[in-house]
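J.: For the sequence shown, the numbering used here assigns the number 646 to the initial residue and increments by one for each residue that follows. Attaching a single structure in C-alpha cells format; questions to follow.
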Amino acid sequence: MKYLVFGILLIFSISACKTVQKTRYNVADGKVEWIFLHLNDVYEIAPLGGGKLGGLARVATLRKQLLTENPNTFTVMAGDFLNPSLIGTLKHEGESIKGKQMVEVMNALGFDFVSFGNHEFDLDYPDLQKRIDESRFEWIASNAFKTEGEGIQAFTRTKIRKRIIFLNTEFYI
Numbered sequence: 646m647k648y649l650v651f652g653i654l655l656i657f658s659i660s661a662c663k664t665v666q667k668t669r670y671n672v673a674d675g676k677v678e679w680i681f682l683h684l685n686d687v688y689e690i691a692p693l694g695g696g697k698l699g700g701l702a703r704v705a706t707l708r709k710q711l712l713t714e715n716p717n718t719f720t721v722m723a724g725d726f727l728n729p730s731l732i733g734t735l736k737h738e739g740e741s742i743k744g745k746q747m748v749e750v751m752n753a754l755g756f757d758f759v760s761f762g763n764h765e766f767d768l769d770y771p772d773l774q775k776r777i778d779e780s781r782f783e784w785i786a787s788n789a790f791k792t793e794g795e796g797i798q799a800f801t802r803t804k805i806r807k808r809i810i811f812l813n814t815e816f817y818i
C-alpha cells in the first residue's frame with residue numbers, strides 16, 4: 646500500500662510539472678494575437694474593501710502575467726483617471742497635485758496608451774499639459790483641442806514613441 650500511495654504521488658507530482666510554457670503568442674501559424682488590458686474611470690491607486698478589491702498593484706501583477714504569456718500585450722486607459730480623486734486635491738510644495746500621482750503610478754506600471762475622459766478636462770489647461778508632459782505613455786485623441794487664447798491649439802507631445810493601427814478583419818455579433 647505504501648508503494649501504491651508513493652507511486653500515485655510521484656505520478657501526480659511529475660504530471661504537475663511544466664517544462665515548456667504554452668503561450669498564446671504564436672507566429673508559426675501566421676497569426677499574432679494582441680492582448681489589451683483595458684481600464685477606465687480609475688481614481689484611486691490603493692485597493693478597496695480592506696485590500697481585497699482592485700488596486701493598481703493588482704493591475705501591475707496581471708500585466709506582468711499577460712506580458713509573460715504574450716509580449717504583444719498593451720495596457721490602455723480609456724479616460725477619467727486624473728480627476729476626481731481625494732489624493733489629487735492634496736498639496737505638495739504648496740501646489741495641488743491634480744492627478745500627478747496617477748501619472749507617476751501609470752508610468753511605473755508601464756501603461757502604453759490613454760485617451761481623454763471628460764474628467765481630464767476638469768483640470769485647467771496648464772495642469773493638464775503638465776500631466777501630459779510628465780507621462781511616458783501615449784495620449785490618443787482626435788477631437789481634443791485648447792481653445793483659450795488665439796485660435797485652436799492641439800495638446801502637444803514632444804515625441805511619438807509608438808504607432809498602432811487597429812484592424813479588424815472579422816466581425817461577430
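In this text, a Cβ means the ideal position worked out from N, Cα and C, and glycines have one as well. On a predicted model such as this, the values are computed, not experimentally measured, just so you know.
Take P729 as the anchor and find which of G762, N717 and V750 has the nearest alpha-carbon.
T.: Residue mapping note: residue 729 aligns to position 84 of the sequence shown, counting from 1. When only C-alpha atoms are compared, the closest one is G762.
J.: With C-beta atoms as the reference, is G724 less than 8 angstroms away from G733?
T.: Position 79 of the sequence shown holds residue 724. Position 88 of the sequence shown holds residue 733. No. Outside cutoff.
J.: Can you tell which of L712, L768, F756 and Y770 has its C-alpha closest to the C-alpha of W784?
T.: To locate residue 784, count along the sequence shown from 1; it is residue 139. Selected option, being the one with the closest Cα: F756.
J.: Run through DSSP, which three-state label would V687 get?
T.: One-based indexing of the sequence shown puts residue 687 at position 42. In this structure, V687 counts as coil in the three-state DSSP scheme.
J.: If we ignore side chains and look at the alpha-carbon of each, how far apart do V750 and D674 end up?
T.: Taking the sequence shown and counting its residues from 1, one reaches residue 750 at position 105. Taking the sequence shown and counting its residues from 1, one reaches residue 674 at position 29. Whole-angstrom Cα-Cα distance: 37 angstroms.
J.: Can you check which of these residues, A702, E678 and E740, is closest to P692 by C-alpha distance?
T.: Taking the sequence shown and counting its residues from 1, the one referred to as residue 692 is at position 47. It is A702.
J.: Does the Cβ of R781 have 16 or more other Cβ atoms within 10 Å, making it buried, or fewer, making it exposed?
T.: The residue labelled residue 781 in the question sits at position 136 within the sequence shown. Classification of R781: exposed, given that the 10 Å Cβ count is below 16.
J.: Beta-carbon within less than 7 angstroms of W679's beta-carbon, same chain only, minus the 5 sequence neighbours each way: which residues are those?
T.: By one-based count along the sequence shown, residue 679 stands at place 34. Here the set comprises N717 and F719.
J.: Pick helix, strand or coil for K745, following the three-state DSSP scheme.
T.: One-based indexing of the sequence shown puts residue 745 at position 100. It is helical.
J.: Going along the chain, which residues of its own chain have a beta-carbon closer than 6 angstroms to the beta-carbon of G739, five neighbours each way excluded?
T.: Indexing the sequence shown from 1 puts residue 739 at position 94. So no residue of the chain qualifies.
J.: Looking only at its own chain, which residues have a Cβ that is under 8 angstroms from the Cβ of L735, when we skip the five neighbours before and after it?
T.: Taking the first residue of the sequence shown as position 1, residue 735 is located at position 90. So the qualifying residues of the chain are S741 and I742.
J.: So the candidates are K775, P771, S760 and D772; which of them puts its Cα closest to the Cα of A789?
T.: Indexing the sequence shown from 1 puts residue 789 at position 144. Ranking the options by Cα distance to A789, first place goes to S760.
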